[in-house]
């Protein structure tokens, strides 16, 4: 286990350094000018040159790259050109919203995936309808799902809010930044209910694609294992089909589904960028989407590094969970 | 176990296509305008709900903020010595924290009588000492709007309520700077000192304000929500709305849906022109097309290809069918520009843009060029969908004259990057809009036509234009500014094709919108003027 952790940490460092390098190269070939974007139309040539010097943009690219890496190691991700706040502070304020959305999304995805897999495997009534709905949803682009959700459930039916994380003005100042958790900790059920209401549409739009992907892998594993010798033996001994499925087959099939879940969770963070735009969700997706047009490089780099790290960590955790679920897998 | 047959791929495709068609139909139904909607009810809690489309992009600190929609925050929380009257078509100076003023004939010395009984939001009384402290802070922060006080040589006070400002050089635009929405605002010296930190209170002013305005900043969550609360100690008329909420929305469709559902009281900016016509006809809401100083321009790159020749640039000015561009793009929110300067800036008889539409000269030039020199790029400001349409229309017009034009969008950070590079990375033509910081022709002329101007994207200038502008800055002479405009027009580098109005749509119960609108302050309203009726 320590060797596994060490190996993954080394890989993560390498990946993040390469990612940062790629970003610096892209920045250098890009024609976007952060200094003019900051100082505006009236800025004099002297003011532009002074700001360029202040930001270190007049240094050679390799020096900028090294300085950035040294600063990041010390926990300094620079200051956002747009918000004028340290990027670390910005990330801390935007990440909880994204995390809450992603967690809600993966929860819904897992529930739907299991429903899809079990219903089609056990021939439940309505399974075909569920399959059609999920496959149609997964086939549609995320932004379209979001827009349709808003029109149907916000505009036409008026059941769910269309944008933002909350309608409550006096939100509790909780330790996690997750409104559902902080609301519970503060005993504010109104905040929790309101936050859940706001989560339904974006989290579902985010979840449909991964739900089908995970559900298909699980279903395919279940069907294969239900035809295997040990399952047949179980049934011959008098176990019901459901008993065989839930007591024996499921455990063997979890591994492949976990791998797909990890992959989908990683991909979900990129899907979040789209969903956050449609639902005005104040997370890192919105943060980076607004940073790109103004060439806010520290903000873009901070989000990229964070997502890179999250992706590597999720994959490592999935490997560990797979090993825990299936003793044949060694880490 | 028998494998259950799944849906065939063709059935899946049919279902998916059906779902998408239904979604598109629903979208079109929802976004299609026209007709009428039942009026939404007025709020009973004196809370006004508006919204921002995308985050304001910079902190609501008046010494930093230098963009558009965030003026709603800075102009309602801070006040300057002067302001421009609301509800007028032309900019008219009026008192604010100064009750009267005089300017010396040489535009160097400006004296002010100050308003008494004013307090900053931290309780500090407003006195003449705040002027120098506010100017000094602006210079120390040294962001985009700092240039407005860069020429201030001295600020002397005579008691608490008299001050004299002396400039190092004459500037006929200085009073306009003081009244500009981007101009120096008065800030509490006590609060600035108390929260100075290591950055002249920049961190503090990201989430607070230290002004004297009718509202105070009560919440500022970047990317999520801003809010204002009426300041109980305000010296002027008490606002009707005690709270103003401004959530950040990221999409104009979402903004319009919330507006139609009554969650948002008004949309004050960035409504796409395609929505303008439908709102204008919708009797369930009230729409306003209000004067601004915003104009749309086509910039011509004198450093590239066929347009290095001044005759060809002038032929291009003639070739563009401006009437058609405005008609097809702006509906009820724009009119064909008649002057070189933005609208409402200078006497309508001056600085006239005398370009007659005639595609023949450019057609002739194009016919004489080898085929590889007839390909150009028409760029547009990608933050505004209207300009994509303008660029497409221009490229279509040019095609009929034998010129092949590719259309490409550019983000503002890239556009600003062209400044000072002689347009080497810029397209041959570029379409975008802008408005002046202050309503002085010098301010506009300098940033647009001078070689070091911040909006001189494509590096075009002429010594005659610069000379006339310098003369105008010193004397304030309208004739000098008119001459500068004529010389700029002769370069063939600019074509002001449209005067653009602010198009605002509001719930029918929201009253006072016209009285709250200021010609120099696009996208913002004086919130204290709004009420329910």
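Residue numbers (the working numbering), protein chains in the order written: chain A, 43 to 373; chain B, 485 to 1017. Idealized CB from N, CA, C, for every residue including glycine.
Taking Cβ-Cβ distances shorter than 7 Å, what residues in chain B pair up with residue i?
i                    : result
residue 73 (chain A) : 898, 901 and 909
residue 85 (chain A) : 628 and 938
residue 81 (chain A) : 627 and 628
Any idea if residue i is buried or exposed, counting beta-carbon neighbours within 10 angstroms, 16 or more meaning buried?
i                     : result
residue 594 (chain B) : buried
residue 307 (chain A) : buried
residue 233 (chain A) : buried
residue 580 (chain B) : buried
residue 978 (chain B) : buried
residue 901 (chain B) : buried
residue 52 (chain A)  : exposed
residue 859 (chain B) : exposed
residue 64 (chain A)  : exposed
residue 353 (chain A) : buried
residue 68 (chain A)  : exposed
residue 684 (chain B) : buried
residue 838 (chain B) : exposed
residue 272 (chain A) : exposed
residue 122 (chain A) : buried
Using three-state DSSP, classify residue i as helix, strand or coil.
i                     : result
residue 516 (chain B) : Any answer about residue 516 (chain B) is weak, because its pLDDT of 42 lies below 50 and its placement is not dependable; what the coordinates show is given next. In the structure shown, residue 516 (chain B) sits in coil (DSSP, three-state: anything other than H, G, I, E or B).
residue 902 (chain B) : coil
residue 506 (chain B) : Bear in mind that the predicted position of residue 506 (chain B) carries a pLDDT of just 44, short of 50, making it unreliable; the figure below should be weighed with that in mind. The answer is helix: DSSP assigns residue 506 (chain B) an H, G or I state.
residue 558 (chain B) : helix
residue 627 (chain B) : coil
residue 116 (chain A) : coil
residue 218 (chain A) : coil
residue 814 (chain B) : helix
residue 340 (chain A) : helix
residue 837 (chain B) : coil
residue 859 (chain B) : strand
residue 865 (chain B) : strand
residue 724 (chain B) : coil
residue 885 (chain B) : coil
Within the present structure, is the beta-carbon of residue i separated from the nearest heavy atom of the ligand COA by less than 7 Å?
i                     : result
residue 579 (chain B) : The ligand COA is not part of this structure, which contains no ligands at all.
Run through chain A and tell me which residues come within less than 9 Å of residue i, C-beta to C-beta.
i                     : result
residue 867 (chain B) : 335
residue 745 (chain B) : 196, 197, 200 and 204
residue 953 (chain B) : The contacting residues do not exist; residue 953 (chain B) stays about 14 Å from chain A at best.
Mind listing the chain A neighbours of residue i? Cutoff is C-beta to C-beta under 8 Å, in chain order.
i                     : result
residue 731 (chain B) : 205, 206 and 322
residue 776 (chain B) : Chain A residues near residue 776 (chain B): none, gap ~16 Å exceeds 8 Å.
residue 738 (chain B) : 192, 204, 205, 320, 321 and 322
In whole angstroms, give me the CA-to-CA distance for residue i and residue j.
i                     : j                     : result
residue 990 (chain B) : residue 855 (chain B) : 52 Å
residue 774 (chain B) : residue 557 (chain B) : 20 Å
residue 217 (chain A) : residue 228 (chain A) : 10 Å
residue 267 (chain A) : residue 256 (chain A) : 17 Å
residue 113 (chain A) : residue 323 (chain A) : 30 Å
residue 652 (chain B) : residue 960 (chain B) : 17 Å
residue 895 (chain B) : residue 665 (chain B) : 24 Å
residue 126 (chain A) : residue 914 (chain B) : 30 Å
residue 853 (chain B) : residue 794 (chain B) : 15 Å
residue 356 (chain A) : residue 133 (chain A) : 19 Å
residue 881 (chain B) : residue 981 (chain B) : 15 Å
residue 905 (chain B) : residue 364 (chain A) : 57 Å
residue 249 (chain A) : residue 142 (chain A) : 13 Å
residue 817 (chain B) : residue 899 (chain B) : 25 Å
residue 966 (chain B) : residue 948 (chain B) : 12 Å
residue 777 (chain B) : residue 327 (chain A) : 35 Å
residue 845 (chain B) : residue 811 (chain B) : 24 Å
residue 74 (chain A)  : residue 602 (chain B) : 44 Å
Against residue i, what residues of chain A qualify as contacts under a CB-to-CB distance less than 7 Å, listed in chain order?
i                     : result
residue 787 (chain B) : Going along chain A, no residue has its Cβ under 7 Å from residue 787 (chain B), so there is no contact; the nearest lies around 16 Å.
residue 539 (chain B) : 332
residue 550 (chain B) : 82
residue 734 (chain B) : 319, 322 and 328
Residues of chain B with a CB under 8 Å from the CB of residue i: which are they?
i                     : result
residue 285 (chain A) : In chain order: nothing, as chain B lies at least about 14 Å away.
Determine the chain B residues that contact residue i at a beta-carbon separation under 9 Å, and present them in chain order.
i                     : result
residue 342 (chain A) : Within 9 Å Cβ-Cβ: nothing; residue 342 (chain A) doesn't reach chain B, min ~12 Å.
residue 127 (chain A) : 543, 687, 690 and 706
Checklist entry - Which full runs of the beta strand (DSSP E) of 3+ residues lie inside the stretch 608-696 of chain B, going along the chain? => result Listed in chain order, they are 636-641 and 646-651.
Next on the checklist: Suppose only complete runs of 4+ residues qualify. What are the alpha helix (DSSP H) ranges in the stretch 941-968 of chain B, listed by chain order?
Outcome noted: The stretch 941-968 of chain B contains these whole alpha helix (DSSP H) runs: 947-959.
Checklist entry - In the stretch 901-940 of chain B, which residue ranges form an unbroken alpha helix (DSSP H) of at least 4 residues, counting only runs that do not cross its ends? => result DSSP runs (the alpha helix (DSSP H)) wholly in the stretch 901-940 of chain B: 925-933.
Next on the checklist: In chain order, what are the residue ranges of uninterrupted beta strand (DSSP E) at least 3 long that sit wholly in the stretch 91-168 of chain A?
Outcome noted: Runs of the beta strand (DSSP E) inside the stretch 91-168 of chain A: none found.
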